[in-house]
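Novice:
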């Protein structure tokens, strides 16, 4: 995307019918660190990569509990994400108070999308620079939605956003058809494996990722480091046994550099995710 | 024909004239509602009278209405306030349906919404002068609750309003049990309504029984109860006090 004369404010259309400021806001989402969501019929797992500014600082919080039955993972401008999470919490608790009943997640995402749309049609505002993966329950079961700065929202079986999310998406694309009937444990494993894809060869440790779960009969909560490490150990260990050389199976997809491509394709066949 | 446009004077805390628009006392009132949970859902009974003080002015008032797919609302107290509440609920149900997303308001949600409305009006010293009974069934679970004009709300297996609290509930406490059949439920309600007919001055002998189950709401046609007045004591009421009437 290059600078042009139609991109100064959000209320200017380009002759080809594009709003460049909105598209630039969506670019901001792609710069943030990865966030992944997947769902079965009864559970939703949200996972993200913990990126810290420097070695000295702690990582930013990217997954928020909105209510016992709704959680959100963000990618992009985390400050915008926090503000929107606060809005979502407010909507959820107001509904709960008036109706003593959990706000259906499908209705929450529509409120959120309408709020984002306002910022694309006022000259004194700017779009929110954050993408949100909203996971939650309603009467028909578990749902996962993606809300983008444009004010659009989509429902997904599984999705990934942020930098290097394409690698995770490719992994998810291969497996998503089985997610609907997945057990809770398999869903968590798939989420962590998808996170691993975005790390591009870096050793996967529990300190590098945050995982949260919610489901029917299970309120939203974060998994502790120990639990995550145990899951990592199950497939890292098998990779060690199977390959006998480097601990982690690379198995990169299209995003992998050319020289690794050949080796990666070979590794893919023995990669633990095939189990 | 002349039309009066309603004047909204705002809230009575900031504007003295608004005070004149507060509800001070009820004018046209309905008497008791009695309701019980039974095997398939909830049964509710009410008579069709609307009293204007001590005059039984209106004899065809339906005090029980279906709300959405899953609920039934019965009201005693000021009839015009009941109609106002029906308008609020109409809007609520309409907006819920417009979502068209497979989610729908159940009886619990409607009950809590009404509790909020009643309590907030009470806090502004402008109550809706009703005691409401909300019954319903959703996903196989029966629900029965009550909200008063001051916002007191609770759930129970059997509820009654007004005189029903004093005359019907003792009967229900003794004779209600879980999983009543439809026939037994109706018999129990009729027993309560008969006592109310004898003893509540504002009751009339024209009642309806409404039933709500998973399938939906049905309100019966109005009918009357058989009453018995041939007690010996009524034949010569002044027997023990000659000269009185």
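Residue numbers (my numbering), protein chains in the order written: chain G, 1 to 275; chain L, 1001 to 1245. Quick reminder that beta carbons are idealized off the backbone N, C-alpha and C, glycines included.
1) Return the chain-ordered list of same chain residues with a C-beta closer than 7 Å to the C-beta of residue 1077 of chain L, the five sequence neighbours on each side being excluded.
2) Pop quiz: residue 134 of chain G and residue 72 of chain G are said to be a contact at Cβ under 8 Å. What is the actual Cβ separation, rounded to whole angstroms?
3) I'd like to confirm the pairing. Which residues does DSSP put opposite residue 1130 of chain L in its beta bridges?
4) Which residues in the same chain as residue 226 of chain G place their Cβ atom closer than 8 Å to its Cβ, once the five residues preceding and following it in sequence are excluded?
5) Taking 8 Å as the threshold (beta carbon to beta carbon), is residue 1174 of chain L in contact with chain G?
6) Buried or exposed for residue 248 of chain G, going by 16 or more other Cβ atoms inside 10 Å?
7) With DSSP run on the structure shown, which of helix, strand or coil describes residue 14 of chain G?
8) Which of the three DSSP states, helix, strand or coil, is assigned to residue 1167 of chain L?
9) State the start and end residues of the unbroken beta strand (DSSP E) segment that holds residue 1040 of chain L.
10) Considering only the alpha carbon of each residue, which of G:219, G:155, G:128, G:190 lies closest to residue 76 of chain G?
11) Taking Cβ-Cβ distances shorter than 9 Å, what residues in chain L pair up with residue 101 of chain G?
12) Going along the chain, which residues of its own chain have a beta-carbon closer than 7 Å to the beta-carbon of residue 1007 of chain L, five neighbours each way excluded?
13) Taking 8 Å as the threshold (beta carbon to beta carbon), is residue 1101 of chain L in contact with chain G?
14) Output yes if chain L places a C-beta closer than 8 Å to the C-beta of residue 107 of chain G; else output no.
15) Who are the near neighbours of residue 1147 of chain L in its chain, counting only those whose CB is closer than 6 Å to its CB and skipping five residues on each side?
16) Rank G:58, G:110, G:25 by C-alpha distance to the C-alpha of residue 149 of chain G and give the top, closest one.
17) Please name the residue, chosen from L:1187, L:1217, L:1087, L:1018, that lies closest to residue 1226 of chain L on a Cα-to-Cα basis.
18) Please list the partners that residue 1116 of chain L has in chain G, where partner means a Cβ-to-Cβ separation under 9 Å.
19) Is there at least one Cβ from chain L nearer than 8 Å to residue 245 of chain G's Cβ?
20) Quick check: the Cα distance between residue 120 of chain G and residue 193 of chain G, rounded to an integer number of angstroms?
21) Counting pairs of beta carbons, one from the stretch 1049 to 1061 of chain L and one from the stretch 1088 to 1095 of chain L, are three or more of them closer than 8 Å?
22) In whole angstroms, what separates the C-alpha of residue 103 of chain G from that of residue 1219 of chain L?
23) Does the count of Cβ pairs from the stretch 1091 to 1104 of chain L and the stretch 134 to 143 of chain G closer than 8 Å reach three?
24) Closer than 8 Å, CB to CB, is residue 182 of chain G near chain L or not?
25) Compute the distance between the beta-carbons of residue 317 of chain G and residue 209 of chain G, then report whether it is under 8 Å.
26) For residue 1166 of chain L and residue 157 of chain G, I'd like the C-alpha separation in whole angstroms.
27) Is DSSP giving residue 1095 of chain L helix, strand or coil here?
28) Compile a chain-ordered list of the residues in the stretch 122 to 147 of chain G whose CB is closer than 8 Å to at least one CB of chain L.
29) Just how far apart, CA to CA, sit residue 1111 of chain L and residue 89 of chain G?
30) Quick check on the burial criterion: 16 or more other C-beta atoms within 10 angstroms. Buried or exposed for residue 2 of chain G?
31) On a Cα-Cα basis, can you pick out the residue from G:131, G:164, G:233 that is closest to residue 154 of chain G?
Specialist: Walking through what the data contain:
1) 1026, 1029, 1030, 1129, 1130, 1131, 1149
2) 5 Å
3) L:1077
4) 206
5) no
6) Confidence at residue 248 of chain G is low in this model, with a pLDDT of 44, below 50, so the placement of that residue should be treated as unreliable; the coordinate-derived value is given next. The residue in question, residue 248 of chain G, is buried, as its Cβ has 16 or more Cβ neighbours within 10 Å.
7) coil
8) Helix at residue 1167 of chain L.
9) Careful: residue 1040 of chain L lies outside any beta strand (DSSP E) and carries neither H nor E.
10) Closest in C-alpha terms to residue 76 of chain G, from the list G:219, G:155, G:128, G:190, comes G:128.
11) Against residue 101 of chain G, the close residues of chain L are 1105, 1106, 1108, 1109, 1112, in the order they occur along the chain (beta-carbon pairs closer than 9 Å).
12) none
13) yes
14) yes
15) 1114, 1115, 1118, 1132, 1153
16) Ranking the options by Cα distance to residue 149 of chain G, first place goes to G:25.
17) L:1187
18) Those are 97, 98, 99, listed as they occur along chain G.
19) With a pLDDT of 49 at residue 245 of chain G, under the threshold of 50, the modelled position of that residue is not reliable, and the figure given next carries that caveat. Answer no: the Cβ-Cβ gap between residue 245 of chain G and chain L never drops below 8 Å.
20) Note on geometry: alpha-carbon atoms of residue 120 of chain G and residue 193 of chain G lie some 36 Å from one another.
21) no
22) 31 Å
23) yes
24) no
25) This structure does not reach residue 317 of chain G, given that chain G is present from 1 up to 275, and the question cannot be answered.
26) 56 Å
27) helix
28) 138, 139, 140
29) 23 Å
30) exposed
31) Of the listed residues, the one whose Cα sits closest to residue 154 of chain G is G:131.
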